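Single-structure report; data block below.
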Amino acid sequence: MSHEDVVLDDAKVFWRTLLPKLKAERWVLGLSILIAVLATLAGIHILAVLPFWIVLAAALLNRSVPSVQPAPVSVVVSEQGSDPLVPAFNALDMPVLVVGADETVLFQNVAAEKAFGMIPPNSDLSARVRSPGILDMVRETIATGKINQIEHTERLPSDAVYVVRVAPAEIGTDASSRRIFLLTYRDISQARRIDRMRSDFVANASHELRTPLASLRGFIETLQGPARNDPKAQEKFFVIMHEQVTRMSRLVDDLLSLSRLELKSHLAPEDMVDLAPLLGHVRDSLLPLATELDVAISLDVPDAPVLVPGDRDELIEVFENLIENACKYGQEGKKVEVRLTGGESEQAEVTVTDHGPGIPAEHVPRITERFYRVNVEASRSKKGTGLGLAIVKHILTRHRARLLVHSEVGKGTIFTVRF
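Using the UniProt record's numbering, the first residue of the sequence shown is number 1, and each one after it goes up by one.
This is how it looks when you write it as structure tokens:
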């Protein structure tokens with residue numbers, strides 16, 4: 001830039017600064033001109049009033065004049081970190097899309113980017129959101145300014161249920177305000193899954209209780225009627241009724257156990273438990289059942305302690321369920337093997353192996369579901385409630401352990417508990 005250009009720019013800046021001041025002080029300028037004219041008519045030389053002009057010029061240049069403020073600019077949500085709205089939106093854990101009145105996406109927060117992928121700024125909303133319900137809702141809010149919300153289900157990449165809400169928002173000042181629309185997605189997938197599980201649970205529990213109750217009612221009516229005076233029939237029916245009552249009692253106990261475990265599933269146990277003597281205690285308690293079923297339980301544990309963080313009573317319940325199931329459903333193999341490995345720096349594992357008929361591959365992923373049975377009749381004949389492995393899964397989840405199942409039809413099943 002040449003010297004002449006610099007001088008010219010400085011002059012422009014000077015006059016841009018001075019002109020507003022002169023305009024604001026026009027009454028002072030008028031007065032000074034009047035004084036100059038009167039001085040001239042009175043024959044006073046112009047140099048005599050020079051000090052007055054100097055003082056006046058200094059006052060004009062230094063006088064505090066309200067500056068002309070530029071009109072405030074509306075806040076436009078953008079990717080730039082200087083925008084004060086960006087950190088606020090990115091701090092939210094729910095996906096948020098900021099939509100303009102022309103149905104373009106002005107901004108998406110980090111949660112929205114993770115959920116739906118990157119949306120370039122100023123993209124048309126209909127090119128990214130395929131749901132007609134959401135698009136109609138947004139258009140209605142843009143037209144009416146009213147808040148709307150709907151429930152929306154996403155099928156890909158996985159099933160997810162959202163409450164989608166759109167609300168208008170004014171940004172900027174009254175003079176230069178701008179209306180934007182916040183499209184938020186609140187994930188309620190977990191709540192819907194819990195509701196579905198609760199409904200299934202109530203339905204299954206009702207079904208499981210209905211069968212023994214119907215049996216009891218039938219036997220009672222028979223004892224009150226045709227078998228009123230038949231001692232042999234009464235003795236037989238009383239035995240069956242006792243079995244049904246016992247079954248209902250076990251079912252209620254298991255339901256209460258599941259409820260208790262769900263309440264504290266997020267609390268990891270803090271006590272240390274030695275698995276070797278615990279497994280010995282479980283084997284001894286199940287010896288009468290194994291003898292009755294003609295099954296031998298072998299136990300192989302290391303000499304050194306194998307300590308894991310856990311709740312002793314809950315772990316006893318885990319291995320009682322696994323070994324009892326192995327004895328009942330692997331009865332044909334005549335043998336159940338329990339083996340403990342690990343300790344010190346090695347990972348602790350307990351395997352329970354039976355040599356029974358095995359579990360078909362299509363059933364293995366579901367055997368820990370509540371009331372799920374591979375063979376309903378076989379389960380009921382062995383007095384199972386359908387909740388044993390569900391309880392095992394919940395306890396192991398609380399203990400931060402895993403249950404692995406390997407089974408081959410005709411060769412038996414191996415349950416592995418890995419801590």
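Yeah, the Cβ is synthetic: ideal placement off N, Cα and C, and Gly gets one too. In this text, all values refer to a predicted model and were calculated from it rather than measured experimentally.
Is the beta carbon of residue i sitting closer than 9 Å to the one on residue j?
i: residue 141; j: residue 107; result: no
i: residue 276; j: residue 336; result: no
i: residue 208; j: residue 412; result: no
i: residue 125; j: residue 104; result: yes
i: residue 315; j: residue 273; result: yes
i: residue 360; j: residue 374; result: yes
i: residue 119; j: residue 92; result: no
i: residue 245; j: residue 223; result: no
i: residue 357; j: residue 388; result: no
i: residue 109; j: residue 122; result: no
i: residue 164; j: residue 194; result: no
i: residue 350; j: residue 295; result: no
i: residue 256; j: residue 205; result: no
i: residue 130; j: residue 162; result: no
i: residue 85; j: residue 171; result: yes
According to DSSP, what are the bridge partners of residue i?
i: residue 152; result: 162
i: residue 202; result: Beta-bridge pairing links residue 202 to no other residue.
i: residue 96; result: 184
i: residue 124; result: 104
i: residue 340; result: 350
i: residue 271; result: Partner(s): none; residue 271 has no beta bridge.
i: residue 418; result: 349 and 402
i: residue 169; result: 180
i: residue 114; result: DSSP output for residue 114 lists no bridge partner at all.
i: residue 211; result: Note: residue 211 sits in no beta bridge, so no partner.
i: residue 412; result: 408
i: residue 335; result: 296
Could you check whether the Cβ of residue i sits closer than 8 Å to any heavy atom belonging to the ligand GTP?
i: residue 355; result: Ligands in the displayed structure: none, and consequently the ligand GTP is not present.
Is it buried or exposed for residue i, if we count other Cβ within 10 angstroms and need 16 for buried?
i: residue 328; result: buried
i: residue 68; result: Its pLDDT being 40, under 50, residue 68 is placed unreliably in this model, and the value from its coordinates should be taken loosely. Result: exposed.
i: residue 415; result: buried
i: residue 401; result: buried
i: residue 242; result: exposed
i: residue 81; result: In this prediction, residue 81 scores a pLDDT of 44, lower than 50, which makes its location untrustworthy; the coordinate-derived value is nonetheless stated afterwards. Residue 81 is exposed by the Cβ-count criterion.
i: residue 419; result: buried
i: residue 137; result: buried
i: residue 398; result: buried
i: residue 260; result: exposed
i: residue 147; result: exposed
i: residue 404; result: exposed
i: residue 221; result: exposed
i: residue 239; result: exposed
i: residue 325; result: buried
i: residue 407; result: buried
i: residue 112; result: buried
i: residue 354; result: buried
i: residue 303; result: exposed
i: residue 343; result: buried
i: residue 283; result: buried
i: residue 155; result: exposed
i: residue 254; result: buried
i: residue 247; result: buried
i: residue 228; result: exposed
i: residue 99; result: buried
i: residue 202; result: exposed
i: residue 409; result: exposed
Would you please state the rounded distance, in angstroms, between the beta carbons of residue i and residue j? I believe it to be under 8 Å.
i: residue 297; j: residue 338; result: 7 Å
i: residue 211; j: residue 94; result: At roughly 45 Å, the Cβ-Cβ gap does not stay under 8 Å, so residue 211 and residue 94 are not in contact.
i: residue 306; j: residue 396; result: That belief does not hold up - the Cβ atoms of residue 306 and residue 396 are roughly 16 Å apart, past 8 Å.
i: residue 332; j: residue 286; result: With 8 Å as the limit, residue 332 and residue 286 do not qualify as a contact, their Cβ atoms being about 18 Å apart.
i: residue 160; j: residue 199; result: Contact flag wrong, Cβ pair sits at about 19 Å.
i: residue 269; j: residue 311; result: 4 Å
i: residue 179; j: residue 101; result: 6 Å
i: residue 394; j: residue 292; result: At roughly 29 Å, the Cβ-Cβ gap does not stay under 8 Å, so residue 394 and residue 292 are not in contact.
i: residue 309; j: residue 271; result: 7 Å
i: residue 279; j: residue 340; result: 6 Å
Mind checking if residue i is an interface residue toward chain D, Cβ cutoff 9 Å exclusive?
i: residue 231; result: Here there is only one protein chain, and chain D is not present.
Counting only runs that start and end within the stretch 287-316, where is the beta strand (DSSP E) found for 3 or more residues in a row? 296-300 and 307-309
Runs of beta strand (DSSP E) lying entirely within the stretch 213-252, each at least 3 residues, in chain order: none
Whole alpha helix (DSSP H) runs in the stretch 343-409 with 4 or more residues, listed along the chain? 376-381 and 388-398
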